[in-house]
Every structure is written in C-alpha cells, then in structure tokens.
C-alpha cells in the first residue's frame, strides 16, 4: 500500500529573470538573506550548510547546479530526522515563479502545518524583496 502526505504549495512571482533567481537561490551563502525559517546563523562546511535554528543545529544540502530550476533543500533536523523541501524556479514571462512544496509529515498538527506555510510565505516575500531591490 502506498502512502502519501498532504501537500501545500507556496509560491511567489519575482520580477527578475528565472536564471538570475536560480543563480541567487542555488548559492548557499545567500540562504541567510532570505531563508529565516531554517535559522539565522549559517556556516559552510564541506557540502553542507550548518545553520543554528531555534531548536538546535540544522544541516542543509543544496543540489548541484542544474538546468531545470531545481533548488531542493535536504534538511537534517536537530532530532536527526531528514526533511526534503522541493523548490522549483520556473520562467514566468520576463520574471520567475518560485514554488516551495510543503509535505505534512506524520505528527504535524494543523497549527504547525499552517505556521510552516506562513513562515515559507514570509521567506518568499523576503526573497522577492531582496531580488527586486537589486
């Protein structure tokens, strides 16, 4: 029997070309400028980003450069659990749309799922602001 999780897509359109948005988002050093949901202090070590989150040390891996606009994050939480965060950048006219897919994992309450989506909305609004003010 196959089991799937509830999904919520959160997106933002950005008035910048998709390749520019991808270039910015694919560089881990830019996480601190927009991805506050992971934490606020970032350190690059090997192929991971170590992030001091509210509940402890978080480890994030970003994909190698690709032509598909994929900037998925694989995040290892302080508990040792791993969360895959699919992120896509698609061309939208002369700009881009960034979509983050949230999967509601086992044990996540309605309130926590809503709070996670709200946090992603805030992070994407910050991303839009940073990129459109460049």
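Numbering (this note's numbering), first residue to last: 531 to 664. For every residue, glycine included, the Cβ atom is placed at its ideal position computed from N, Cα and C. Remember, predicted model here, so these are calculated numbers, not experimental data.
Closest by C-alpha distance to residue i, when choosing among the options
i           : options               : result
residue 593 : 542, 578, 587 and 622 : 578
residue 570 : 584, 558 and 576      : 584
residue 616 : 622, 603, 549 and 643 : 603
residue 626 : 540, 535 and 550      : 550
residue 537 : 548, 660, 580 and 643 : 643
residue 624 : 539, 548 and 596      : 548
Endpoints, the alpha helix (DSSP H) within which residue i is located
i           : result
residue 659 : 640-662
residue 605 : From DSSP, residue 605 is part of no alpha helix (DSSP H) but of the beta strand (DSSP E) over 603-606.
residue 562 : 561-564
Pair within 8 Å by beta-carbon distance, residue i and residue j
i           : j           : result
residue 650 : residue 632 : yes
residue 653 : residue 576 : no
residue 556 : residue 601 : yes
Residue i: first and last residue of the uninterrupted beta strand (DSSP E) it sits in
i           : result
residue 541 : 536-544
residue 579 : 578-583
residue 630 : 625-634
Whole-angstrom C-beta distance between residue j and residue i, which should lie under 8 Å
i           : j           : result
residue 587 : residue 608 : 6 Å
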